[in-house]
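What follows is a set of notes on a single structure, which appears directly below.
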Amino acid sequence: MRGRTFGWPSAVLLVVLLTALLAIAGCGDSGSEPSGDSTGAASGEPIKIGAILSLTGTYAGLGEPEKNLIEMEVKKINDAGGINGRPVEVIIEDDATDEAQAVAAASRLIEQENVVAIIGATGTGQTMAMRGDIQRAGIPQVSMAGGTVITNPVDPLVFATPWSNTIVVPFTLDYLKGQGITKIGLITDSGGFGKDGQAVFKEAAPKAGVEIVADETLNPGDTDMTAQLTKIKNSDAEAIVMWTAGSEAAIIAKNARDLGIELPIYGSHGIARQEFIDGAGEAAEGVKLAAGKVLDPSLYPEGSEARAVADDFISSYEQAYGEKPGMFPGYAYDALYLVVEAAKRVEGDLTPEALLEQIQATTGWVGIDGTYNMTAEDHNGLTVDDLQMYEISGGKFTPVQ
Amino acid sequence: MNARTLRALAPLIAVALALIVPLAVSDRFLLKVFTFCGINALVVVGLALLFGYAGQVSLGHAAFMGLGAYTSAYCTVELGWPWLLGFVAAGVVAALGGLILAIPSLRLKGYYLAMATLGFGLLMSLAFIQAEPITGGVDGFSGIPFPSIGPVEFRSASSLYWLVWGAVGIAVLVAHNITSLRPGRAMRALHGSELGAQACGVDIVGVKVRTFVVSALMAGLAGALYAGVVGFISPSLFTLTASITFIAMTIVGGTSSLAGPILAAVALTLVQYSDALIPGLPRETAQTIQSYQEDIYGLAIVLIVIFAPRGLAGLWKRRSAGNEAS
Numbered sequence: 001m002r003g004r005t006f007g008w009p010s011a012v013l014l015v016v017l018l019t020a021l022l023a024i025a026g027c028g029d030s031g032s033e034p035s036g037d038s039t040g041a042a043s044g045e046p047i048k049i050g051a052i053l054s055l056t057g058t059y060a061g062l063g064e065p066e067k068n069l070i071e072m073e074v075k076k077i078n079d080a081g082g083i084n085g086r087p088v089e090v091i092i093e094d095d096a097t098d099e100a101q102a103v104a105a106a107s108r109l110i111e112q113e114n115v116v117a118i119i120g121a122t123g124t125g126q127t128m129a130m131r132g133d134i135q136r137a138g139i140p141q142v143s144m145a146g147g148t149v150i151t152n153p154v155d156p157l158v159f160a161t162p163w164s165n166t167i168v169v170p171f172t173l174d175y176l177k178g179q180g181i182t183k184i185g186l187i188t189d190s191g192g193f194g195k196d197g198q199a200v201f202k203e204a205a206p207k208a209g210v211e212i213v214a215d216e217t218l219n220p221g222d223t224d225m226t227a228q229l230t231k232i233k234n235s236d237a238e239a240i241v242m243w244t245a246g247s248e249a250a251i252i253a254k255n256a257r258d259l260g261i262e263l264p265i266y267g268s269h270g271i272a273r274q275e276f277i278d279g280a281g282e283a284a285e286g287v288k289l290a291a292g293k294v295l296d297p298s299l300y301p302e303g304s305e306a307r308a309v310a311d312d313f314i315s316s317y318e319q320a321y322g323e324k325p326g327m328f329p330g331y332a333y334d335a336l337y338l339v340v341e342a343a344k345r346v347e348g349d350l351t352p353e354a355l356l357e358q359i360q361a362t363t364g365w366v367g368i369d370g371t372y373n374m375t376a377e378d379h380n381g382l383t384v385d386d387l388q389m390y391e392i393s394g395g396k397f398t399p400v401q
Numbered sequence: 402m403n404a405r406t407l408r409a410l411a412p413l414i415a416v417a418l419a420l421i422v423p424l425a426v427s428d429r430f431l432l433k434v435f436t437f438c439g440i441n442a443l444v445v446v447g448l449a450l451l452f453g454y455a456g457q458v459s460l461g462h463a464a465f466m467g468l469g470a471y472t473s474a475y476c477t478v479e480l481g482w483p484w485l486l487g488f489v490a491a492g493v494v495a496a497l498g499g500l501i502l503a504i505p506s507l508r509l510k511g512y513y514l515a516m517a518t519l520g521f522g523l524l525m526s527l528a529f530i531q532a533e534p535i536t537g538g539v540d541g542f543s544g545i546p547f548p549s550i551g552p553v554e555f556r557s558a559s560s561l562y563w564l565v566w567g568a569v570g571i572a573v574l575v576a577h578n579i580t581s582l583r584p585g586r587a588m589r590a591l592h593g594s595e596l597g598a599q600a601c602g603v604d605i606v607g608v609k610v611r612t613f614v615v616s617a618l619m620a621g622l623a624g625a626l627y628a629g630v631v632g633f634i635s636p637s638l639f640t641l642t643a644s645i646t647f648i649a650m651t652i653v654g655g656t657s658s659l660a661g662p663i664l665a666a667v668a669l670t671l672v673q674y675s676d677a678l679i680p681g682l683p684r685e686t687a688q689t690i691q692s693y694q695e696d697i698y699g700l701a702i703v704l705i706v707i708f709a710p711r712g713l714a715g716l717w718k719r720r721s722a723g724n725e726a727s
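Here the protein sequences line up with chains L and B, keeping their order.
Residue 144 in the working numbering sits at position 144 of the first sequence; the count goes up by one each step and never skips.
If you want the working numbering, it's the position in the second sequence, counting the first as 1, plus 401.
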């Protein structure tokens, strides 16, 4: 017998050879990648911006429209001359609604693509997860998630376009109080956005004179909430408040109606999208939530800039994708343009520091969510005045008083 | 150059080539991908001992990696320990986990052992989510410092690469020593026939327990390295999918071999990063590959089990045996 026939060293050699080969092949070509077909007015070296979106997983219904919007607007920006004559290239990565993949995506965008800023992520947990990479790289990040933790305490590098929970939760609580509801059953997801909402509710509810009589949680990806809802049913809650942005929201609404719970259901600004209505079907009827005025632009005064921006956004999105945009393409629109408009204002070299300074200097800029006024203390820049309460009726978001 | 000289020179050439990879690769992310290959290879070396040599299946190895990763993160961030101490603690905790899992393995075989380890893996991935004060829950654990030994901090992509592959090198040496000596023969005997091994005087209990512990230790250390390299960990990393990926690498690599599984670990890890690796590859193609990643692994297992039950290592052996005969 040959004894140890298979010499491990020779195979290790093979591995290393293969690795070295791939490595050499890999770095030989890098940099020669075509920068997209910018046939429009813009030319020159593209400005690279990274976008980390949840295109799969429980936030897929949020990330997909965001991707649509970004692709559509980038084309529009480049056709109109790009950023001071240079084309924009937005490199989109999918984080699969997963924190670890968001980190991997951020490190690829930073280390391999050398992006000047990152738009994303779609979710709060993913946004927070990549913070380490953002800090190491020192580039600005504009998130499209609504967790308070993203902008409070303020991270000098991180901005967010949706209203943070600290704005939406008190608004919702005041509305509940106005409806004569003082006892609520809260159901939140254990991931970033829901956990954040839960903490804000616990702090804000006593101030608003509302009592949380049931406090239930679910894990992202759960497919049945009957147990949690039964507990809420058996408490003396007068309304169900669900604070989750994922596809679980539709399941909560359906489970609640299946259990014969007739309590009114309130959601977060994370469900202001058609996918929730389609997913929950009949059970979506009567669900109330706070969101931006863009869901019904007629709320803006006729002839105002906000009205014009909103109308144009809705019509071009509908034309391109054949459906009405929910809130999420709006969050992406605002995130993209906060970066692009800031980049246009940068004089001289487009360094991350210069870009950061200009994003923070955004004042009175009318986006889809409302009018942004960034300061060193406020990296969200929106106010409660831009919010509106809606009720879903006939499969549509209808403003209510 | 005959086969014998090649075999003698191979380790030297392998080490030399592994060392110069960071000098040849300027792309930091690509280097990180090769570092991930090393981390997975470290887990797979441990799993090769357990599965490839001793024939004990584990569908819960990601849990050991998670134990190590969270232990090192907690020790360095929350307790403020030096990294090296956290790294050792990660190994100890994971080894303890291995000891616990070794207990059912004394009574269970085949499918039943697979089920027990699967259950262990599922329990642990739930525990990582629920033990929020320690693990940070679903949101994960962030702000983990770079590895450092004394005043030396492994911050650059190339130093992290060398650290990880250095650890792999040491693990391979340890594993090679184990397998080429008496314990290795005992393990192979156990793989062949448990009763037969017992009849020959092999201390089955001892072999099983020690192999589980060593294997878990390596996975735990790999987890601690991952935490240091990336700086962020979350429960979604240490799930059943990850465990199955590791076992896939081991099966594809082959039994009674260390090099085969390492090769498979590198190859299957690279599948995931095809877009970073091949510059011209269209994004859609890369995404298609990524979304079928698990299917590719599954298919690889099926093909290997049908056509080359002893894995890549078995194919290699058959080929070189044929060459020497002719």
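All residues carry an ideal CB built from backbone N, CA and C; glycine is no exception.
For B/Gly661, the three-state secondary structure derived from DSSP is helix. Taking a beta-carbon distance threshold of 8 Å, L/Val158 does not count as an interface residue toward chain B. Neighbourhood of B/Ser543 in chain L, by CB distance below 8 Å: Met128, Ala129, Arg131 and Gly132, in chain order.
For L/Thr58, the secondary structure class from DSSP, reduced to helix, strand or coil, is coil. The residue from B/Thr406, B/Ala411, B/Val446 and B/Leu420 with its alpha-carbon nearest to that of B/Ile663 is B/Val446.
For the pair L/Ala96 and L/Leu53, the CB atoms are not nearer than the 8 Å cut-off.
In the structure shown, L/Ser43 adopts coil according to DSSP, grouped into three states. In terms of beta-carbon proximity, L/Gln198 stays away from the interface with chain B, with every pair separated by 8 Å or more. Interface residue (Cβ-Cβ distance to chain B less than 8 Å): L/Ser190 is classified as such. Within 7 Å of the CB of B/Ala677, the CB atoms of chain L belong to Arg108 and Gln112, in sequence order along the chain. When secondary structure is reduced to three states using DSSP, L/Ala51 falls in the strand class. B/Phe542 is bridged by DSSP to B/Ile634. In this structure, B/Leu669 sits away from B/Ser675, with a CB-CB distance that is not shorter than 8 Å. Rounded to whole angstroms, the Cβ separation of L/Val149 and L/Lys183 is 27 Å, and the two are not in contact under 8 Å.
The bridge partners DSSP lists for L/Tyr390 are L/Leu289 and L/Pro399.
For the pair L/Glu211 and L/Ala204, the CB atoms are not nearer than the 8 Å cut-off.
Runs of beta strand (DSSP E) with 3 or more residues, each lying fully within the region 83-156 of chain L, are found at 88-94, 117-120 and 141-143, listed in chain order. Inclusion of B/Ser526 and B/Thr640 in the CB contact set at 8 Å is warranted, their separation being smaller than that value. Under a 10 Å Cβ-count criterion, B/Phe708 is classified as exposed, with fewer than 16 other Cβ atoms of the shown protein chains found around its own Cβ. Going by C-alpha positions, L/Ile359 is about 8 Å away from L/Glu341.
Neighbours of L/Asp98 across chain B, judged by C-beta separation under 7 Å: Ser637. Pairing L/Tyr331 with L/Pro140 gives a Cβ-Cβ distance that is not under 8 Å.
Non-local C-beta neighbours of L/Leu387 in its own chain, meaning closer than 6 Å and more than five positions away in sequence, comprise Phe171 and Ala290, ordered along the chain.
In the DSSP assignment, L/Val158 falls within the beta strand (DSSP E) that extends over Val158 to Ala160.
Scanning L/Thr383, L/Thr58 and L/Lys344 for the CA closest to the CA of L/Phe193 turns up L/Thr58. Proximity to L/Lys195 across L/Glu275, L/Thr244 and L/Asp296 peaks at L/Thr244, based on C-alpha coordinates. Along the region 587-614 of chain B, there is no position whose C-beta sits under 9 Å from a C-beta of chain L.
Leaving aside the five residues that flank L/Glu73 on each side, the residues in its chain whose CB is nearer than 7 Å to its CB run, in chain order, Tyr333 and Leu336. Residues Gly461 of the same chain have their beta carbon placed closer than 8 Å to that of B/Gly520, with the five preceding and five following residues left out of the count. Proximity of B/Asp428 to chain L, defined by a Cβ-Cβ separation below 8 Å, is satisfied. Taken through DSSP and simplified to helix, strand or coil, B/Val706 comes out as helix.
Distance between B/Leu713 and L/Ser247, taken at the CA atoms: about 42 Å.
Counting other Cβ atoms within 10 Å of its Cβ, L/Gly147 reaches 16 or more and is therefore classed as buried. Legend: CB atoms of the region 204-223 of chain L lying less than 7 Å from CB atoms of chain B belong to residues Asn219 and Pro220.
For L/Gly330, DSSP assigns no beta-bridge partner whatsoever. Contact holds between the region 462-471 of chain B and the region 612-622 of chain B, because three or more Cβ pairs, one in each stretch, are under 8 Å apart.
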